[in-house]
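What follows is a short report on a single structure.
There are 2 protein chains.
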Amino acid sequence: MKIIDISMPVSHDMPVYKAREEKRPHISVQSSFSDASVYESRIDMNMHTGTHIDAPMHIFEDGGTIEKLDLSKVITRSRVLDFQNAENSISRELLETKTIEKGDFVLLKTKNSASDILEGEFVFLDKSGAEYLKEKEVSGVGIDALGIERSQPGHETHKLLLGSGIIILEGLRLDGVSEAEYLLLAAPVLFKGAEAAPARAVLIQED
Amino acid sequence: MKIIDISMPVSHDMPVYKAREEKRPHISVQSSFSDASVYESRIDMNMHTGTHIDAPMHIFEDGGTIEKLDLSKVITRSRVLDFQNAENSISRELLETKTIEKGDFVLLKTKNSASDILEGEFVFLDKSGAEYLKEKEVSGVGIDALGIERSQPGHETHKLLLGSGIIILEGLRLDGVSEAEYLLLAAPVLFKGAEAAPARAVLIQED
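So the protein sequences, as listed, match chains A and B. With our numbering, the residue at position 165 of the first sequence is 165, and numbering never jumps. With our numbering, the residue at position 165 of the second sequence is 165, and numbering never jumps.
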């Protein structure tokens, strides 16, 4: 069994959504060896930092929170799909070129994983693509961007997916990961009442 | 396959180590539907909140940080051991009554899981118990307390375990979990340079 880490390291100088300063995490020292017998640090960050799961409450006022998430939806078989050739966004037309089965947790690998565009014009999943994945009845969608969409004022992609019970996993690092099936482990930290939470996402590849 | 969540919900009113106010997490609203089209919150907390992994840097000035952790040590077979009868601490003598094999990730279930003593006189692993687990060459030790020790000024238990490459997983909830073997999933959030990090810990029980 091979364990592949697909998580983004969290630090103050990491990429953040649209380079917004308020999205930059702060790690500070709470006690150190100069004044205590143990070292302890604090984290102050937006829940949508690095690799994280969005719950429906992120986009729907009466939406479910992160602790309502069925863990079998994030500890599940998954399928990495290679869209490194997509220029701007992933559409229905592009998705139709791939094998996608009902219940798949699809992970969209784009040029984002190997470039510096995460804070800029990153590749995202457009409305037609979200509609297609809803029709295919996938269980979840992951992407190697800090947002699964970036230029749709109505948040159509989020609404289509979260409104259909489809899990959204953002902030993956898929560079070097081949198009194939894996076991995905991406259970988020159990923040009570939260609209999102960070997760350590890994893929398990059977020998 | 059955998924058993053994994580502690994180919220402002959760139990914190020795009831210290500075250890209480703060979740705040960053944007809500009253002023934005999405809801987003922030978390401000000590890294040793709820269910988390300690890295060697927590106790050793030149110790390793959380991103150096070998994930195969926290995605691994594990063994829940029932010590609900332990009054104050878990010693070598108590551990000797159980089957423990080399490479086991042992999870210590105590009366902490079903009581309100997490902020007080919780059951912990004493120095003799840590020495025994080191001799048995376990890969990790988890406990249903916010600290694996509480009344040893020299932090002997942390030093013996982390000094031997044994993983420490704190803040578990093991109420209702039977003494048996499981697959443990407890990969911590990838905080760069940190001495600890929260994790969503779950057990997988094969059918």
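Glycine residues also receive a C-beta, built at the ideal position from the N, C-alpha and C atoms. On a predicted model such as this, the values are computed, not experimentally measured, just so you know.
Inset, instruction - Could you tell me whether any Cβ in chain A is nearer than 8 Å to the Cβ of G188/B? - result: Locating residue 188/B in the second sequence gives position 188, counting from the first residue. It is Pro, not Gly, that sits at residue 188/B in the sequence shown. So, interface residue.
Legend entry - Opposing strand residues paired with G140/B [DSSP bridges]: Residue mapping note: residue 140/B aligns to position 140 of the second sequence, counting from 1. Note: G140/B sits in a beta bridge opposite F105/B and I167/B.
Inset, instruction - Taking only beta carbons into account, state which residues of the stretch 125-150 of chain B come closer than 7 Å to chain A, listed in chain order. - result: none
Legend entry - Buried/exposed call for S32/A, threshold 16 Cβ in 10 Å: Mapped onto the first sequence, residue 32/A falls at position 32. The residue is exposed, with fewer than 16 neighbouring Cβ atoms inside 10 Å.
Legend entry - Cross-strand partners of P188/B (DSSP beta bridge): Looking up residue 188/B in the second sequence gives position 188. Note: P188/B sits in a beta bridge opposite A199/B.
Legend entry - Minimum Cβ-Cβ distance from K192/B to chain A less than 8 Å: Mapped onto the second sequence, residue 192/B falls at position 192. Closer than 8 Å to some Cβ of chain A, the Cβ of K192/B qualifies, so yes.
Legend entry - Contact set between E156/A and chain B, taken where Cβ atoms lie within less than 9 Å: For the purposes of this step, residue 156/A is taken as the residue at position 156 of the first sequence. Within 9 Å Cβ-Cβ: nothing; E156/A doesn't reach chain B, min ~12 Å.
Inset, instruction - Look up R77/B in the DSSP assignment and give the residues it is bridged to. - result: Within the second sequence, residue 77/B is the residue found at index 77, counting from 1. Paired residue(s): L183/B.
Inset, instruction - Check the Cβ-Cβ distances between N112/A and every residue of chain B, and say whether any is below 8 Å. - result: The sequence position of residue 112/A within the first sequence is 112, counting from 1. Not an interface residue.
Legend entry - Local conformation of R42/B per DSSP, three classes: For the purposes of this step, residue 42/B is taken as residue 42 along the second sequence, with counting starting at 1. In the structure shown, R42/B sits in a strand (DSSP, three-state: E or B).
Inset, instruction - Check whether the Cβ of F122/B lies closer than 8 Å to any Cβ atom in chain A. - result: In the second sequence, counting from the first residue as 1, residue 122/B sits at position 122. Taking 8 Å as the threshold, the shortest C-beta distance from F122/B to chain A does not fall below it.
Legend entry - Cβ neighbours of S113/B in the same chain (closer than 7 Å, five flanking residues each side left out): Here residue 113/B is taken as the residue at index 113 of the second sequence, counted from 1. Scanning its chain for C-beta atoms nearer than 7 Å, with the 5 sequence neighbours on each side dropped, one finds around S113/B the residues D144, R173, L174 and D175, in chain order.
Inset, instruction - Please name the residue, chosen from G63/A, H12/A and G120/A, that lies closest to L190/B on a Cα-to-Cα basis. - result: Within the second sequence, the letter at position 190 stands for residue 190/B. Checked all of G63/A, H12/A and G120/A; the closest Cα to L190/B is H12/A.
Inset, instruction - Check each residue of the stretch 69-89 of chain A: if its Cβ is closer than 8 Å to any Cβ of chain B, include it; give the result in chain order. - result: L71, S72 and I75
Legend entry - C-alpha gap between E149/A and T99/A, whole angstroms: Your numbering for residue 149/A matches position 149 in the first sequence. Your numbering for residue 99/A matches position 99 in the first sequence. Cα-Cα distance, rounded: 22 Å.
Inset, instruction - Spell out a yes or no on whether the stretch 121-135 of chain B and the stretch 83-98 of chain B are touching, meaning 3 or more CB-CB pairs, one atom from each, closer than 8 Å. - result: yes
Legend entry - Interface partners of Q30/A on chain B, CB under 8 Å: Along the first sequence, one-based indexing puts residue 30/A at 30. Those are E22 and N46, listed as they occur along chain B.
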